[in-house]
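Shown next, in structure tokens, is the structure this report addresses.
Residue numbers (full-length UniProt numbering): 1 to 276.
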């Protein structure tokens, strides 16, 4: 009996050991599966992280692009508004100029009266300022160079001038100066003075060379402008004037005038009454 009992105990121990071995093997398998799942989950986590980073980078790129587009749009919108404002200003300026041309409101009374009746009077070509064009860069200098002659009236001949003057007298409409094509002759400076001025620093040209006009009116504009030199600055004009002993009239871009004989004129206008 004792032997049988021992054998039974051994069998039980063997069975228990086998059972424990089976359980251990099963646990090993479960551990391996768990490790594999953990590894897989780790890979999935890394993949998810990469996807999140990519999505974040894409989002940031899109946000940056949208911000750039917004900035570009705002800049374009600002430019458009500026252009619209500029266009409105130009339209207003054009309308104002059209009104001035139609009514001659910026002219002296006598000049205005003659120009408004030019068709009835006959032989009236127009005011000097109406028959020349120039780069705005030279405007101040050329306005000074022309002075009051910008409102002189160009006419076909002496008879036209006399008729217009009679009209002004009869109507007590003021005075005007007339430039008949048949009497006005071109003027020039001496070749010696011309050569000296041409090579002077800051010389921009004789005033008649800086304007455009109908060739039919060449004598008029050479009479009014061909003896005036335009310079960029007073210092250069002064040096050139000394070279020619103040025998040539000079005007600078800012409107300073060096007259023949040595007198100077300049300053600032309180108001802009330009007829150009």
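Ideal Cβ positions, reconstructed from N, Cα and C, are used throughout, including at glycine.
Between residue 88 and residue 212, the alpha-carbon positions lie close to 28 angstroms from each other.
Per DSSP, residue 210 is not a residue of any beta strand (DSSP E), being assigned neither H nor E. Between the region 183-196 and the region 212-232, the count of Cβ pairs shorter than 8 angstroms is three or higher; the stretches touch.
When beta bridges are read from the DSSP output, residue 258 appears opposite 250 and 264. Rounded to whole angstroms, the gap between the alpha carbons of residue 221 and residue 146 is 9 angstroms. Shown here, residue 177 sits in coil according to DSSP, grouped into three states, outside any helix or strand. Beta-bridge partners assigned by DSSP to residue 107: none are found. Between residue 151 and the set 130, 43, 160 and 269, the nearest pair of CA atoms involves 130. Restricting attention to 22, 153, 208 and 66, the CA atom closest to the CA of residue 123 is found in 153.
Residue 232 is not a Cβ neighbour of residue 258, given a cutoff of 8 angstroms. Where residue 228 is concerned, there is no enclosing alpha helix (DSSP H), although the beta strand (DSSP E) around it starts and stops at 228-231.
For the set 11, 39, 52 and 173, the Cα lying nearest the Cα of residue 116 is the one of 173.
Here DSSP, grouped into helix, strand and coil, assigns residue 136 to helix. Counted as a single uninterrupted DSSP element, the alpha helix (DSSP H) harbouring residue 165 occupies residues 158-170. Its Cα nearest to that of residue 113, the residue 170 stands out among 137, 82, 183 and 170. The continuous beta strand (DSSP E) containing residue 124 extends over residues 124-127. Distance check between residue 201 and each of 216, 184, 230 and 207 places 230 closest, using alpha-carbon atoms only.
Between residue 197 and residue 240, the gap from beta carbon to beta carbon is short of 8 angstroms. Each residue's CA atom was taken as its position, placing residue 91 and residue 249 some 37 angstroms apart. Judged by DSSP secondary structure, residue 155 falls within the beta strand (DSSP E) whose first and last residues are 153-155.
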